[in-house]
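Peer 1: Chains as they are written, first to last, in the numbering used here: chain B, 13 to 257; chain R, 13 to 257.
There's a structure below that I have some questions on.
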């Protein structure tokens, strides 16, 4: 049996005509999912067939079907579940830095994921894909819930009221929309700029929510108290909200 | 032939067993769509069959098929197109009031639409519905584009740069998410509160975007200059962004 550290062949690799490599069951399953994710990253799911996955994995079509008897839909859902778990694992917040620096670090990891999965990420969040089902929507909702939970924990909130929940959910929706736009525009906007924009959005959206919600007001006050006193972005945000006669 | 002012029967109306009412072609088509929209408002599209539409319309199944040979999917898309056109027509901005009062008025009309279409609106925006296709997604995108265009025009912008466009698109995404949450929670939050929250979000999000974009800064300054000088919400927004030692 071959060494388990054999690299996963890239989608460009020529299929092996004879003597498919024999891999242990779990490893083969993971390899097929990894190959599928690479293909979904460059082409819409409609255009990726089981034959492509088999070819890119150096495996036969029947072998792919042995692992995913439900065909492409099952493979797609397994790949999505793998990607979703990986994304959720990136939501851990670094231990150092001010609250906004920590948010920025998590956003950097998020954008690295978006860049890696590209077309697959777009197809999934845009809707109307032929492989989209109530099940795939549920997987995406799981990720959103994990992001919500992590963000609230980061903000030191145990029980979030409806307005604070709406704020964080809305911010997550803004992140999703911004990353889709970023991909659409060929990643021309520097990702650091987009990340800073999203952090500023969080602060601003929290302030607008705090207008009518004491819990959000307390969270925002706690966050601002931990920022560097010379934070020029928050100061400029205030200035921009000052009407000029 | 009956009077053209005959009311569209409600979905609760008993089907007429004999002597289907004869309606002119275009009127019958509109009636079937109106009946379908009423049914989609209370049940997910999965659970609405052509039989239900026929019964509620006081028509036979073959008659419904005569108008919508593509079956339920075609009827769904026609209904969606009608609803989308109606929603887009509500984006007109009243001539009086400050810019934020005008935004509030448009949002009121938007929420009236959401309340009216309820389940149909949710199913559509949530994704993963069996009747969702690339075509239905395109119809929804058309509405979003119309909303973007209207909002930019309201702000007096002819050519929006990428950051201002991202701001308005993000705000529209926040509106969609907030209306879904509102429906989910049984409309317990007063709609006026949600509408004011969304207007405040716009001002705050614009300020955060203005930090790095002169065009948005100019738009925001223009908007604030037209607001009432005693606008306590903007003043309080500034105060909330002031860190307390």
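Just so you know, even glycine gets a beta-carbon here, dropped at the ideal spot from N, CA and C.
Owing to the predicted nature of the structure, the values given are computational and were not obtained by experimental measurement.
Spatial neighbours of residue 41 of chain R within its chain, please: C-beta separation below 6 Å, excluding the five flanking residues on both sides.
Peer 2: On the second chain, position 29 is the one that residue 41 of chain R refers to. Around residue 41 of chain R: 79.
Peer 1: Give me the Cα-Cα distance between residue 124 of chain B and residue 110 of chain B, rounded to the nearest whole angstrom.
Peer 2: Residue 124 of chain B sits at position 112 when you count from the first residue of the first chain. Residue 110 of chain B sits at position 98 when you count from the first residue of the first chain. Residue 124 of chain B and residue 110 of chain B: Cα-Cα distance of roughly 21 Å.
Peer 1: Of all Cβ atoms in chain B, is any one closer than 8 Å to the Cβ of residue 98 of chain R?
Peer 2: Locating residue 98 of chain R in the second chain gives position 86, counting from the first residue. No, residue 98 of chain R lies away from the interface with chain B (no Cβ there is under 8 Å from its Cβ).
Peer 1: Give me, in chain order, the residues of the same chain whose beta-carbon lies closer than 7 Å to that of residue 193 of chain R; leave out the 5 immediate sequence neighbours on both sides.
Peer 2: Walking along the second chain from the start, residue 193 of chain R turns up at place 181. Answer for residue 193 of chain R: no residue qualifies.
Peer 1: Chain R partners of residue 213 of chain B, CB-CB under 7 Å?
Peer 2: Position 201 of the first chain, counted from the start, is the residue given in the question as residue 213 of chain B. 217, 220, listed in chain order.
Peer 1: Here's the rule I'm using: 16 or more other beta-carbon atoms within 10 Å means buried, otherwise exposed. How should residue 212 of chain R be labelled?
Peer 2: Mapped onto the second chain, residue 212 of chain R falls at position 200. Its Cβ being crowded by 16 or more others within 10 Å, residue 212 of chain R is buried.
Peer 1: As a quick exercise: from B:34, B:48, B:54, B:144, pick the residue whose alpha carbon is nearest that of residue 198 of chain B.
Peer 2: Translated into the one-based positions of the first chain, residue 198 of chain B becomes position 186. It is B:54 whose Cα lies nearest to the Cα of residue 198 of chain B.
Peer 1: By DSSP, does residue 171 of chain B sit in helix, in strand, or in coil?
Peer 2: By 1-based counting over the first chain, the position of residue 171 of chain B is 159. Coil, per DSSP.
Peer 1: Hey, residue 230 of chain B and residue 179 of chain B: beta-carbon distance below 8 Å or not?
Peer 2: If you number the first chain from 1, residue 230 of chain B lands on position 218. If you number the first chain from 1, residue 179 of chain B lands on position 167. In this structure, residue 179 of chain B does not lie closer than 8 Å to residue 230 of chain B by Cβ.
Peer 1: Under a CB-based cut-off of 8 Å, is residue 144 of chain B close to chain R?
Peer 2: As a first step, residue 144 of chain B is located in the first chain; it is residue number 132 there, counting from the start. Yes, residue 144 of chain B counts as interfacial toward chain R.
Peer 1: Write down the C-beta distance between residue 252 of chain R and residue 222 of chain B rounded to the nearest angstrom, noting that I regard them as a contact closer than 8 Å.
Peer 2: The sequence position of residue 252 of chain R within the second chain is 240, counting from 1. The sequence position of residue 222 of chain B within the first chain is 210, counting from 1. Their Cβ separation, rounded to whole angstroms, is 5 Å, which keeps residue 252 of chain R and residue 222 of chain B in contact under 8 Å.
Peer 1: Taking DSSP as the reference, what is the three-state secondary structure of residue 103 of chain B?
Peer 2: One-based indexing of the first chain puts residue 103 of chain B at position 91. Correct three-state label for residue 103 of chain B: coil.
Peer 1: Pull up the CB-CB distance for residue 84 of chain R and residue 62 of chain R, whole angstroms please, since I reckon it's below 8 Å.
Peer 2: Within the second chain, numbered from 1, the residue matching residue 84 of chain R stands at position 72. Within the second chain, numbered from 1, the residue matching residue 62 of chain R stands at position 50. Indeed, because the Cβ distance is near 5 Å, the residues count as touching under 8 Å.
Peer 1: Reducing DSSP to helix, strand and coil, say where residue 29 of chain R ends up.
Peer 2: In the second chain, residue 29 of chain R corresponds to position 17, counting from 1. Confidence is the limiting factor: at residue 29 of chain R the pLDDT is only 46, short of 50, which leaves the residue's position unreliable, though a coordinate-based value still follows. Reduced to three states, the DSSP call for residue 29 of chain R is coil.
Peer 1: Could you tell me whether the Cβ of residue 193 of chain R comes closer than 8 Å to any Cβ of chain B?
Peer 2: Position 181 of the second chain, counting from 1, holds the residue named residue 193 of chain R. Yes, residue 193 of chain R counts as interfacial toward chain B.
Peer 1: Distance, Cα to Cα, residue 73 of chain B vs residue 133 of chain B?
Peer 2: Within the first chain, residue 73 of chain B is the residue found at index 61, counting from 1. Within the first chain, residue 133 of chain B is the residue found at index 121, counting from 1. Residue 73 of chain B and residue 133 of chain B: Cα-Cα distance of roughly 25 Å.
Peer 1: State the Cα-Cα distance for the pair residue 240 of chain R and residue 202 of chain B, rounded to the nearest angstrom.
Peer 2: Translated into the one-based positions of the second chain, residue 240 of chain R becomes position 228. Translated into the one-based positions of the first chain, residue 202 of chain B becomes position 190. Using only the alpha carbons, I get a separation of about 38 Å.
Peer 1: So for residue 251 of chain B, helix, strand or coil by DSSP?
Peer 2: As a first step, residue 251 of chain B is located in the first chain; it is residue number 239 there, counting from the start. In this structure, residue 251 of chain B counts as helix in the three-state DSSP scheme.
Peer 1: How many whole angstroms separate the CB atoms of residue 176 of chain B and residue 225 of chain B, which I take to be in contact at a CB cut-off of 8 Å?
Peer 2: The count along the first chain starts at 1 and reaches residue 176 of chain B at position 164. The count along the first chain starts at 1 and reaches residue 225 of chain B at position 213. That pair is a contact at about 6 Å.
Peer 1: Tell me which residues share the same chain as residue 44 of chain B and place their Cβ nearer than 8 Å to its Cβ, disregarding the 5 neighbours each side in the sequence.
Peer 2: Reading the first chain from its first residue, position 32 is the one you call residue 44 of chain B. So the list reads 65, 69, 71, 76, 79, 80, 87, once near-sequence residues are dropped.
Peer 1: Give, in chain order, every unbroken run of the alpha helix (DSSP H) that is at least 4 residues long and sits entirely within the segment 110-185 of chain B.
Peer 2: DSSP runs (the alpha helix (DSSP H)) wholly in the segment 110-185 of chain B: 111-138, 146-166.
Peer 1: Should residue 37 of chain R be labelled buried (16 or more other beta-carbon atoms within 10 Å of its own) or exposed?
Peer 2: Your numbering for residue 37 of chain R matches position 25 in the second chain. Exposed, because fewer than 16 other Cβ atoms sit within 10 Å of the Cβ of residue 37 of chain R.
Peer 1: Here's a check: name, in chain order, each residue in its chain whose Cβ is nearer than 6 Å to the Cβ of residue 96 of chain B, leaving out the five neighbours to either side.
Peer 2: In the first chain, counting from the first residue as 1, residue 96 of chain B sits at position 84. Within the same chain, residue 96 of chain B has close Cβ partners 151, 155.
Peer 1: Just checking my contact of residue 255 of chain B with residue 236 of chain R at CB under 8 Å: how many whole Å lie between their CB atoms?
Peer 2: Residue mapping note: residue 255 of chain B aligns to position 243 of the first chain, counting from 1. Residue mapping note: residue 236 of chain R aligns to position 224 of the second chain, counting from 1. So it is a contact: roughly 4 Å between Cβ atoms.
Peer 1: Going along the chain, which residues of the segment 179-204 of chain R sit with their C-beta nearer than 8 Å to a C-beta in chain B?
Peer 2: If the cut-off is 8 Å between Cβ atoms, the segment 179-204 of chain R has 181, 182, 185, 186, 188, 189, 190, 193, 197, 201 near chain B.
Peer 1: Evaluate residue 189 of chain B with the Cβ neighbour count: other Cβ atoms within 10 Å of its Cβ, from every protein chain shown; 16 or more gives buried, anything less gives exposed.
Peer 2: As a first step, residue 189 of chain B must be located in the first chain, where it is residue number 177. Under this definition residue 189 of chain B is a buried residue.
Peer 1: For a contact defined as C-beta to C-beta under 8 Å, what are the partners of residue 246 of chain R on chain B?
Peer 2: Taking the first residue of the second chain as position 1, residue 246 of chain R is located at position 234. 253, 255, listed in chain order.
Peer 1: According to a CB-to-CB cut-off of less than 7 Å, which residues of the segment 227-240 of chain R neighbour chain B?
Peer 2: Per Cβ criterion, the list reads 229, 232, 233, 236, 237, 239.
Peer 1: Report all residues from its chain with a CB closer than 6 Å to the CB of residue 99 of chain R; omit the five preceding and five following residues, and keep chain order.
Peer 2: Stepping through the second chain from its first residue, residue 99 of chain R is reached at position 87. 125, 155, listed in sequence order.
Peer 1: Given this structure, state the Cα-to-Cα distance separating residue 215 of chain R from residue 232 of chain R, to the nearest angstrom.
Peer 2: Counted from its first residue, the second chain places residue 215 of chain R at position 203. Counted from its first residue, the second chain places residue 232 of chain R at position 220. Distance between the alpha carbons of residue 215 of chain R and residue 232 of chain R is about 7 Å.
Peer 1: Just the C-alpha distance for residue 144 of chain R and residue 107 of chain R, rounded to the nearest angstrom, thanks.
Peer 2: Counting from one through the second chain, the residue named residue 144 of chain R turns up at place 132. Counting from one through the second chain, the residue named residue 107 of chain R turns up at place 95. Each residue's Cα considered, the two are about 37 Å apart.
Peer 1: So, does the CB of residue 249 of chain B fall closer than 8 Å to a CB anywhere in chain R?
Peer 2: Here residue 249 of chain B corresponds to residue number 237 of the first chain, with the count starting at 1. Yes, residue 249 of chain B counts as interfacial toward chain R.
Peer 1: Buried or exposed for residue 257 of chain R, please, with buried defined as at least 16 other CB atoms from any protein chain shown within 10 angstroms of its CB.
Peer 2: As a working note, residue 257 of chain R is residue 245 in the second chain. It counts as exposed.
Peer 1: Let me know if residue 207 of chain R comes out buried or exposed under the rule of 16 or more other beta-carbons within 10 Å of its beta-carbon.
Peer 2: Locating residue 207 of chain R in the second chain gives position 195, where the first residue counts as 1. So residue 207 of chain R ends up on the buried side.
Peer 1: What span of residues does the alpha helix (DSSP H) with residue 63 of chain B cover, start to end?
Peer 2: The count along the first chain starts at 1 and reaches residue 63 of chain B at position 51. Its alpha helix (DSSP H) spans residues 62-69.
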